[in-house]
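The working numbering puts the first residue of the sequence shown at 279, with every later residue one more than the last.
Heads up, the beta-carbon is just placed ideally off N, CA and C, and yes, glycines get one too.
Please read these numbers as outputs of a predicted model, since none were measured by experiment.
Step one of this worksheet: look at the structure below.
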Amino acid sequence: MKKIHCKNCDASFEGNYCPSCSQSVGANSRLDLKTIVRDFLENAFNLDKGFVFTFFSLLKNPGFVANSYINGKRKKFTNPIKYLIIATAIQIVLIYVLYYEEEGLSFINYAFLSDETNQQIRLWNEILTLEYPLTYNLILLLFFPLPFFFLFRKLRYNYIELLIAMIYFYGTILILIQLIALIYNPMMGRNITFEIINAIGLAYFLFGLLTFYPRKSVSFRIPKILFSLAALVLLRFLIIPYLLSVLINITN
């Protein structure tokens, strides 16, 4: 039988599991959707497997965690789907405990659009932000890898690999925001502001992506990362709300 090289501990072995670290032979293959689902199902009920370690590692060096998981060194890190589920559960619990009832949010007024169109966009932004935040953001996650896939295509990350990085980063942002809200909301007597939430998200994504693409110079990475983040912000707050308002007007 052919010897297999374990990417997690560098040992050579035969069979389905590495005798040194117990990592599955499947972790040595390139990531695809089947691998991610199988890894999640195998670990779904082991909720204490490296979650705290994974979170603090993602705070310190998010790109290293994402690249380690992508490259087969997965034993000590929580599966990204499970990580996102736990992060979402933390968010739901803390929102229920900490948050005050919102009366409305302020959004950008686009000068190149009519007042009526701006009003429709603001309405849809409020609906998506206040009534369907988790569903909407999880759907948006599917779009997050696309600009990076095209702008950094020479680095040969596939869509699923980039999606894994985005899931790790997004899950960490969810936890960070709630930890800050844990202090901010009781102290200020109101919810953490939309501006703070956006600042945390953009700052962490920038940090995460800079560490995720360490092989390129900063001058090469920053313009492409900022362009991609700007495109995602426009998608989130302008393009999708605008398309929804147009679709509703057509159907009515």
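Can you tell me the Cα-Cα spacing of residue i and residue j, whole angstroms?
i    : j    : result
L336 : F447 : 8 Å
K353 : N286 : 7 Å
R400 : V315 : 37 Å
A305 : I405 : 41 Å
I518 : N294 : 45 Å
L325 : S346 : Any reading at L325 must be qualified, since the residue scores a pLDDT of 49, below 50, and its modelled position is unreliable; the value itself is stated next. The straight-line gap from Cα to Cα measures roughly 20 Å.
Q350 : T332 : According to the sequence displayed, residue 350 carries Gly and not Gln. Their Cα atoms are separated by approximately 15 Å.
I455 : S290 : 42 Å
L420 : N463 : 30 Å
L521 : I470 : 28 Å
I368 : D317 : 22 Å
L412 : L457 : 17 Å
N436 : S495 : 21 Å
P297 : I475 : 45 Å
L507 : K432 : 19 Å
L424 : F472 : 25 Å
R468 : Q398 : 26 Å
P501 : N396 : 29 Å
A283 : L418 : The sequence shown places His at residue 283, not Ala. Roughly 37 Å separates the two Cα atoms.
E535 : C299 : There is no way to answer for residue 535, as the model of the chain reaches only from 279 to 530.
Y374 : M465 : 17 Å
E394 : N527 : 12 Å
L416 : F498 : 29 Å
I363 : T313 : 18 Å
R434 : T529 : 42 Å
S307 : K281 : 14 Å
Is the beta carbon of residue j closer than 8 Å to that of residue i?
i    : j    : result
P358 : I438 : no
L440 : F428 : no
Y482 : F430 : no
A443 : A344 : yes
N339 : T489 : yes
I478 : I451 : yes
T356 : F329 : yes
F505 : F385 : no
L480 : I503 : no
L372 : L512 : no
L309 : I348 : yes
Y361 : G449 : yes
F422 : L510 : yes
S302 : W402 : no
Would you identify the three-state DSSP class for residue i, choosing helix, strand or coil?
i    : result
P295 : According to the sequence displayed, residue 295 carries Tyr and not Pro. Residue state, collapsed to three classes: strand.
S228 : Absent from the model: residue 228. The displayed extent of the chain is 279 to 530, so no value can be given.
S506 : helix
I359 : helix
S346 : helix
F591 : For residue 591 there is no data in the structure shown, the boundaries of the chain being 279 and 530.
N469 : coil
Y462 : helix
K354 : coil
D317 : helix
R308 : coil
Y520 : helix
Can you tell me which residues form a DSSP beta bridge with residue i?
i    : result
I282 : F291
S302 : Y295
Check the Cβ-Cβ distances between residue i and every residue of chain D, and say whether any is below 8 Å.
i    : result
L513 : As a matter of chain content, chain D is missing from the structure shown, which is built from one protein chain.
Ranges of the alpha helix (DSSP H) found wholly within the segment 373–421, counting only runs of at least 4: 393–404, 411–419
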